[in-house]
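Those protein sequences? They're chains C and W, same order as listed. Counting in this note's numbering, the first sequence runs from 18 upward without gaps. Counting in this note's numbering, the second sequence runs from 18 upward without gaps. Just so it is clear, CB atoms sit at the ideal spot from N, CA and C, and this is done for glycine as well. A short worksheet on the structure shown next.
There are 2 protein chains.
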Amino acid sequence: MSDSAHREMWEKLDMDLEAHDALLAVLGTFYGDIYLSQENRLKGAEYLDFVLSEVHGLRIKELEQAKAEGRKVIGSFCVFVPEEIALAADAVHVGLCAGAEAGTELAEQLVPRNTCALIKSFIGFKMAKICPFTESSDMIVGETTCDGKKKAYEAFNEIAPTYVMEVPQTKTAAAKALWKTEVLRYLAEVEQLTGVTITPERLKRGIQVANDKRRALQRLTALRAANPAPISGRDALLVNQISFYDEPIRFTTKINELCDELESRIQAKEGVTPGTTPRLLLSGCPMAVPNWKLPYIVEGSGAVIVGEESCIGTRNSRDLVDESGDTLDAMIDALVDRYMKIDCACFTPNTERLDNVTSLAKELNADGVIHYSLLFCQPYAHETLKVDKALQSEGIPMLSIETDYSMEDVEQLKTRVEAFVETLA
Amino acid sequence: MSDSAHREMWEKLDMDLEAHDALLAVLGTFYGDIYLSQENRLKGAEYLDFVLSEVHGLRIKELEQAKAEGRKVIGSFCVFVPEEIALAADAVHVGLCAGAEAGTELAEQLVPRNTCALIKSFIGFKMAKICPFTESSDMIVGETTCDGKKKAYEAFNEIAPTYVMEVPQTKTAAAKALWKTEVLRYLAEVEQLTGVTITPERLKRGIQVANDKRRALQRLTALRAANPAPISGRDALLVNQISFYDEPIRFTTKINELCDELESRIQAKEGVTPGTTPRLLLSGCPMAVPNWKLPYIVEGSGAVIVGEESCIGTRNSRDLVDESGDTLDAMIDALVDRYMKIDCACFTPNTERLDNVTSLAKELNADGVIHYSLLFCQPYAHETLKVDKALQSEGIPMLSIETDYSMEDVEQLKTRVEAFVETLA
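Right, dumping it as structure tokens:
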């Protein structure tokens, strides 16, 4: 696809071409520095490079083609929005732009300054007209996972109509019942949007496709337990990031191929860094494309990242939907159960997460954990203290990082991360 | 009751006497400056002065007496915890300390620094052992109204066992069903705590007592529409603050007496300030005792406060529970309906609040509104922008203040408030 065809498409989507060009230019340089500069990269990383380079190009073209065929595009910002339902209705389920400092000043007209970078970013991307996913979406789905997003969707709704799902705050039977009602309400909404009646067969297929994707990601996670680390944390994060944008069946095939390559590497005891490299687990807030700041700093400090305990990581792939049900009701119950297993900090209590972080750190043979909170993200800031305590009791050291998307604190973070890595060597 | 008897009681409650003495000394000076210095005060204010001076003394003695009689004390931090149920079980329902900068450094061991002052305060009061209400409580009830409190209760629970009610985030039928389940779960918990079976007669009485208190507060609100203002905003805020601590039947009688006095004043066209004084409505976050900082600044700037649109204000008194039901189920439904009318910023959407703020400003003949957000309170910070827009469309000017409990910004706030008041004169 030629550059001019891309531009024509973006123009049709009513994007701001000049601002978007500037974004792509920065992104390109950034990607070159952080990704293409890596040594001992996997052959399978070529696919990642290609997908990322065409994430605003060919992938959007695919969405346009899907729409031309009468299919619908559903965009969301959170792992609580059930992809299975979109897939069952033959819709395309995509993540929306939220990982770069873009349009921040515009966003601050709609939300308070003390709002986390991710929220400001998704509002900024929309206001600056530089997210082709948002512009391509026939439906945008929000949720009530934190005060910041919950209230921001009210403002966002004025510029981009947003359907909001209520995620409960506990995991009691009554809370689960509320979530089931919300899943059913969403299913009806998707049926209305797409004109597709979601039959048991369709939902079964949707569950299978989403589960297959999760199984591929689980395979990748498990392989990273090997020493030396067969893949960089940056590349593994990219896989998780791309999982929100790419066509799911193709993605699953490609990630399984990448895992085949990892297995050969592991057998040959090859790695991206020597076996003596300190191994770190990242834990906390999601890192949306192109938020590679901390992984770049960490892997530039003589450590290697072996896992991401976050929504753009194991939190989204750990739990499968039970596939044994054959009726719509059984499958909906299976969906509800699966989503209520998510150990998001939005729940109270959320002790599962403490168990999950410590067991993941052990499974992946991590020497330490870096807990990552976005500034002003209250749920994860609160859990930082608890995760630290849980890890301490298992003798696993932790460093807490609170930051945003700006580059102002890079030197300071480097110093702190390097000092932490030194203690692990 | 002698001072030494008080001290003995506090010691029995395992309070830190030295730290508590220091708190009372500061509070006393503060109260003298802010309250006792007022001119044209009501005769009924003597009761307020007395209650406040004995809030940690005689009132705690009353709680101890109630406990000696086998009654239970239930403490809470939020207007969503149904007082009617405690009253029905012959328990004492009280608010807990949360309005002063106390034990902040201790609190920051349990919650992030970027936590609002109210939350840090309730944790600090407990850790510093200076809140006799917390120490007297047989049960502490939290709720999920914001991320900050929701997650803070997890930490608080480790030092003071806390029962948490899930308040939903929308007002859909499913959300209401969740809330009904939570009300019933709480009722069962209170029955177990108290050993009292809550009969329809008991609940009816509880509803009546709570409604009578609200009716007295509604009467006070309505009388403040008069010009000149018959009561200072500080004294009216104190009435609302005391409503969380005082014995409800006595309080209702006293507030109705105070309203009688106000009516005489209004008839005589007497006021606390001249009829030309700019009239302001405060709107936003609750001001817990002894958080009088902003009212003092406002009324020291040549304005008078004529209403408090907050949880310690009209948000807690505006809606009554329907009293027509006779069965337990009908009364529970009435309770659920009443509590789901609360226009807390925790709900999405929460457009009722915009209507309520503008209509209240008009009813009270306010010349302007000061929107008050506690720093790091995300729900109210988000709504600040919306309230401003709603008021603007009605031609009502608004000033937005974001602050905490420290005195560092007093001069800066004074300058801003004075400038705002000048534009209204």
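Using a Cβ-Cβ cut-off of 8 Å, state whether C/Pro366 counts as contacting chain W.
Along the first sequence, one-based indexing puts residue 366 of chain C at 349. C/Pro366 counts as touching chain W.
Enumerate in chain order the residues of its own chain whose CB-to-CB distance from W/Arg58 is below 8 Å, with the five nearest sequence positions on each side excluded.
In the second sequence, the residue the question calls residue 58 of chain W occupies position 41. Ser249, Asp252 and Val289.
When we look at the beta-carbon of W/Ala436 and count the other beta-carbons within 10 Å, is it buried (16 or more) or exposed?
Residue 436 of chain W sits at position 419 when you count from the first residue of the second sequence. Exposed is the call here.
By DSSP's criteria, C/Met415 is part of a beta bridge. Which residues make up the other side?
For the purposes of this step, residue 415 of chain C is identified with residue 398 of the first sequence, where counting begins at 1. C/Met415 is bridged to C/Val386.
With burial defined as no fewer than 16 other Cβ atoms inside 10 Å of the residue's Cβ, what is the status of C/Glu101: buried or exposed?
Start at 1 with the first residue of the first sequence, and residue 101 of chain C comes out as number 84. Buried is the call here.
Just to confirm the assignment, what range does the beta strand (DSSP E) spanning W/Val315 have?
The count along the second sequence starts at 1 and reaches residue 315 of chain W at position 298. In the DSSP assignment, W/Val315 falls outside any beta strand (DSSP E) and within the unbroken alpha helix (DSSP H) covering Lys310 to Glu316.
Counting pairs of beta carbons, one from the segment 102–112 of chain C and one from the segment 201–217 of chain C, are three or more of them closer than 8 Å?
Yes: at least three Cβ pairs fall under 8 Å.
Establish whether the CB of W/Glu171 and some CB of chain C are separated by less than 8 Å.
Walking along the second sequence from the start, residue 171 of chain W turns up at place 154. By this cut-off, W/Glu171 is an interface position.
Between W/Val90 and W/Ser138, is the Cβ-Cβ spacing less than 8 Å?
Counting from one through the second sequence, the residue named residue 90 of chain W turns up at place 73. Counting from one through the second sequence, the residue named residue 138 of chain W turns up at place 121. Not in contact: W/Val90 and W/Ser138 (Cβ atoms no closer than 8 Å).
Short of 7 Å in beta carbon distance, which residues of its chain neighbour W/Ile176, apart from the five on each side in sequence? Order them along the chain.
The sequence position of residue 176 of chain W within the second sequence is 159, counting from 1. If we look at W/Ile176 and ignore the five residues flanking it on each side, its Cβ neighbours are Lys143 and Met144.
How about C/Thr162 and C/Leu113: do their beta carbons lie closer than 8 Å?
Position 145 of the first sequence holds residue 162 of chain C. Position 96 of the first sequence holds residue 113 of chain C. Their beta carbons are not under 8 Å apart, which means C/Thr162 does not touch C/Leu113 by this criterion.
Under 8 Å, Cβ to Cβ, is there at least one residue of chain D near W/Cys361?
Judged by its chain identifiers, the structure shown contains no chain D, and its protein chains are C and W.
My guess is that C/Ser334 and C/Gln258 are in contact by the Cβ rule of under 8 Å, so how many angstroms apart are they, rounded?
Looking up residue 334 of chain C in the first sequence gives position 317. Looking up residue 258 of chain C in the first sequence gives position 241. The C-beta separation of C/Ser334 from C/Gln258 comes to about 13 Å, leaving the pair out of contact by the 8 Å criterion.
Considering W/Thr179, what are the terminal residues of the alpha helix (DSSP H) in which it resides?
Numbered from 1 along the second sequence, position 162 holds the residue referred to as residue 179 of chain W. Unbroken run through W/Thr179 is the beta strand (DSSP E), Thr179 to Met182; no alpha helix (DSSP H).
Would you please verify whether the beta carbon of C/Asp164 is less than 8 Å from any beta carbon of chain W?
Residue numbering aside, residue 164 of chain C sits at position 147 when the first sequence is read from its first letter. Answer yes: the Cβ-Cβ gap between C/Asp164 and chain W drops below 8 Å somewhere.
Nearest to W/Glu206 by CA position, among W/Val181, W/Pro217 and W/Gln186, is which residue?
Stepping through the second sequence from its first residue, residue 206 of chain W is reached at position 189. Considering only alpha carbons, the answer is W/Val181.
Who are the near neighbours of C/Tyr397 in its chain, counting only those whose CB is closer than 6 Å to its CB and skipping five residues on each side?
Numbered from its first residue, the first sequence carries residue 397 of chain C at position 380. Result list for C/Tyr397: Gly301, Cys302, Ala362 and Ser390, in chain order.
Indicate whether the contact test is met: 3 or more Cβ pairs, each with one atom in the segment 185–201 of chain W and one in the segment 318–332 of chain W, closer than 8 Å.
no
Run the CB neighbour count on W/Gly292, radius 10 Å, all protein chains shown included, and call it buried at 16 or more, exposed below.
If you number the second sequence from 1, residue 292 of chain W lands on position 275. Exposed is the call here.
So the beta strand (DSSP E) C/Glu325 belongs to, where does it begin and stop?
Start at 1 with the first residue of the first sequence, and residue 325 of chain C comes out as number 308. It spans Val321 to Glu326 - the beta strand (DSSP E) in which C/Glu325 sits, taken as one unbroken run.
For a contact meaning CB atoms closer than 9 Å, what does C/Ala407 contact in chain W?
By 1-based counting over the first sequence, the position of residue 407 of chain C is 390. In chain order: nothing, as chain W lies at least about 13 Å away.
Using a Cβ cut-off of 8 Å (strictly closer), state whether W/Lys137 contacts chain C.
As a working mapping, residue 137 of chain W is identified with position 120 in the second sequence. It does not; no Cβ of chain C falls within 8 Å.
Going by other Cβ atoms of all chains shown within 10 Å of its Cβ, with 16 needed for buried, is C/Gln395 buried or exposed?
On the first sequence, residue 395 of chain C is found 378 positions in, with the first residue counted as 1. Classification of C/Gln395: buried, given that the 10 Å Cβ count is 16 or more.
Are the CB atoms of W/Leu40 and W/Ala119 nearer to each other than 8 Å?
Translated into positions along the second sequence, residue 40 of chain W becomes position 23. Translated into positions along the second sequence, residue 119 of chain W becomes position 102. The beta carbons of W/Leu40 and W/Ala119 sit closer together than 8 Å.
Which one of C/Leu254, C/Leu30, C/Phe47 and C/Thr294 has the shortest CA to CA distance from C/Gly324?
The sequence position of residue 324 of chain C within the first sequence is 307, counting from 1. Of the listed residues, the one whose Cα sits closest to C/Gly324 is C/Leu254.
Here's the rule I'm using: 16 or more other beta-carbon atoms within 10 Å means buried, otherwise exposed. How should W/Arg267 be labelled?
As a first step, residue 267 of chain W must be located in the second sequence, where it is residue number 250. The residue is exposed, with fewer than 16 neighbouring Cβ atoms inside 10 Å.
Output needed for W/Val353: all residues of its chain with C-beta closer than 8 Å, excluding positions within five of it in sequence on either side, in chain order.
The count along the second sequence starts at 1 and reaches residue 353 of chain W at position 336. Cβ within range, chain order: Lys193, Trp196, Lys197 and Val200.
Compute the Euclidean distance between the alpha carbons of W/Gly412 and W/Val321, then round it to the nearest angstrom.
By one-based count along the second sequence, residue 412 of chain W stands at place 395. By one-based count along the second sequence, residue 321 of chain W stands at place 304. For the pair W/Gly412 and W/Val321, the Cα-to-Cα distance works out to about 20 Å.
Based on the DSSP output, what are the partners of W/Met156 in its beta bridges?
By one-based count along the second sequence, residue 156 of chain W stands at place 139. In the DSSP output, where bridge partners are listed per residue, W/Met156 has W/Ile91.
Once you ignore the five residues that flank C/Pro136 on each side, which residues in its own chain have a CB closer than 7 Å to its CB?
In the first sequence, the residue the question calls residue 136 of chain C occupies position 119. Note on identity: in this sequence residue 136 of chain C is Ile, with Pro being the wrong assignment. For C/Ile136, where only same-chain residues beyond five positions count, the Cβ hits under 7 Å are Val128, Gly165, Lys166 and Ala169.
Measure the C-alpha to C-alpha separation of W/Glu86 and W/Lys230 and round it to an integer number of angstroms.
Looking up residue 86 of chain W in the second sequence gives position 69. Looking up residue 230 of chain W in the second sequence gives position 213. For W/Glu86 and W/Lys230, the distance between alpha carbons rounds to 24 Å.
In its own chain, which residues sit with a C-beta less than 6 Å from the C-beta of W/Val306, not counting the 5 before and 5 after it?
Within the second sequence, the letter at position 289 stands for residue 306 of chain W. The answer, listed in chain order, is Gly116 and Gln258.
For W/Ile140 versus W/Leu311, is the C-beta distance shorter than 8 Å?
One-based indexing of the second sequence puts residue 140 of chain W at position 123. One-based indexing of the second sequence puts residue 311 of chain W at position 294. For W/Ile140 and W/Leu311, no; Cβs fall outside 8 Å.
Taking DSSP's pairing of strands, which residues face C/Thr420 in a bridge?
Taking the first residue of the first sequence as 1, we reach residue 420 of chain C at position 403. According to DSSP, C/Thr420 bridges with C/Leu391.
According to DSSP, is C/Arg232 helix, strand or coil?
Translated into the one-based positions of the first sequence, residue 232 of chain C becomes position 215. Here C/Arg232 sits in helix by DSSP.
Tell me the DSSP secondary structure of W/Gly301 in three-state form.
For the purposes of this step, residue 301 of chain W is identified with residue 284 of the second sequence, where counting begins at 1. Note: W/Gly301 maps to strand in three-state DSSP.
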